[in-house]
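In my numbering, the protein residues as written are 4 to 409.
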């Protein structure tokens with residue numbers, strides 16, 4: 004019995020030794036010790052990134068609203084400067100957003116991961132893009148496992164694009180820049196000549212696994228007048244820079260999530276048209292009527308019967324769900340009058356205004372205009388900021404959530 008007891012205690016000692024070795028290995032992997040629950044919460048949330056040092060040396064939470072407003076003002080000023088020089092811009096854009104969902108997109112240097120940040124910012128960009136370009140179209144392409152896949156075709160509905168993207172967020176394999184360009188080139192080659200062909204690539208990887216010569220693919224994109232731009236999430240890559248330089252696009256690398264969002268939103272306004280591609284064209288458009296509520300008709304977009312809503316093509320009387328788009332039956336471009344009106348402000352932007360502080364002396368405030376130049380309403384009222392601009396009708400009303408048709 005004693006001999007058997009000694010053998011059992013020896014085995015238990017060996018087991019304890021093995022368990023201690025495993026614990027030591029886990030401690031080394033976790034930086035020498037296990038993280039407590041409260042430490043993991045702080046490590047995951049990275050709350051220290053939400054603090055900044057003020058002039059007195061104290062830590063204050065970052066005012067995200069002020070930063071977002073400053074970025075918005077900067078984009079407006081850049082847009083107005085470009086507008087004063089009467090640069091021709093592409094108002095009808097056909098844009099494919101290529102999203103890298105390779106293994107590199109699962110990295111956690113962006114919180115909680117690159118993939119989550121890209122999906123979130125891409126949704127914001129798509130809505131801003133359609134707000135700035137109501138006559139344009141967007142499609143989505145994903146890259147993973149060395150293969151590119153068309154997630155959505157070119158369309159004018161932001162909700163359907165975002166919904167399709169959120170349902171396919173899975174990372175795996177390597178990225179292939181050439182396969183993505185070949186796929187997009189095939190789709191954009193069928194776009195009408197008056198449309199501006201663009202590709203925006205959100206790239207997470209540091210390499211590209213291509214089946215052939217990507218330089219030949221870049222030449223084909225340049226010949227097809229496709230402008231390629233890239234926003235990187237890791238580091239600058241030569242092939243990405245070369246692609247953008249050859250096709251007339253822009254290349255930038257994001258430093259963090261806020262910088263990535265800022266870079267992305269810079270692609271929302273219409274870019275200046277390339278001189279050799281800036282050819283004026285007359286475009287035939289149709290203004291469809293809204294379908295009667297309760298009427299049953301077959302939708303030419305989805306090829307199924309739907310009840311109520313939709314629009315009727317003025318040429319072939321086919322039913323379509325959303326605007327703008329090209330009629331599947333007769334090929335007529337279908338738009339609405341608000342789409343044209345909203346596109347007009349890119350051609351002739353209003354002069355930038357200066358915000359006047361409420362802390363100005365009453366003597367100086369009395370010298371400023373008291374009423375709106377357009378509607379003669381008082382500019383000093385509850386919930387309405389006071390702006391010093393004689394032709395302030397657009398700014399005052401838009402900022403007061405009242406929209407007027409031009």
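Each residue gets a CB set at the ideal place from its N, CA and C atoms; glycine is no exception.
In this structure, the straight-line span from the alpha carbon of residue 206 to that of residue 344 is close to 35 Å. Ranked by Cα distance from residue 126, the first of 170, 304 and 56 is 170.
In the DSSP assignment, residue 211 falls outside any beta strand (DSSP E), carrying neither H nor E. CA-CA distance, residue 219 to residue 101, rounds to 19 Å.
Closest in alpha carbon position to residue 154, among 167, 134, 316 and 131, is 167. In the DSSP assignment, residue 169 is bridged to no other residue. Rounded to whole angstroms, the Cβ separation of residue 178 and residue 105 is 4 Å, and the two are in contact under 8 Å.
Within the stretch 199–253, the complete beta strand (DSSP E) segments of 3 residues or longer fall at 199–206 and 229–235, listed in chain order.
Annotation note: the stretch 272–326 contains no uninterrupted alpha helix (DSSP H) run of length 4 or greater.
Between residue 322 and residue 303 a beta carbon distance of about 6 Å is seen, short of the 8 Å cut, so the two are scored as contacting. Residue pairing for residue 99: DSSP places it in a beta bridge opposite 142 and 202.
Taking residue 286 as the centre and dropping the five residues before and after it, the same chain places the C-beta of 197 closer than 6 Å to its C-beta, in chain order. With a contact defined as Cβ atoms closer than 8 Å, residue 174 and residue 108 qualify at about 5 Å. Residue 56 counts as exposed, since fewer than 16 other beta carbons sit within 10 angstroms of its beta carbon. With a cutoff of 8 Å on beta-carbon distance, residue 290 and residue 339 are scored as near each other. Contact annotation, residue 99 with residue 202: C-beta distance approximately 5 Å; criterion of less than 8 Å satisfied.
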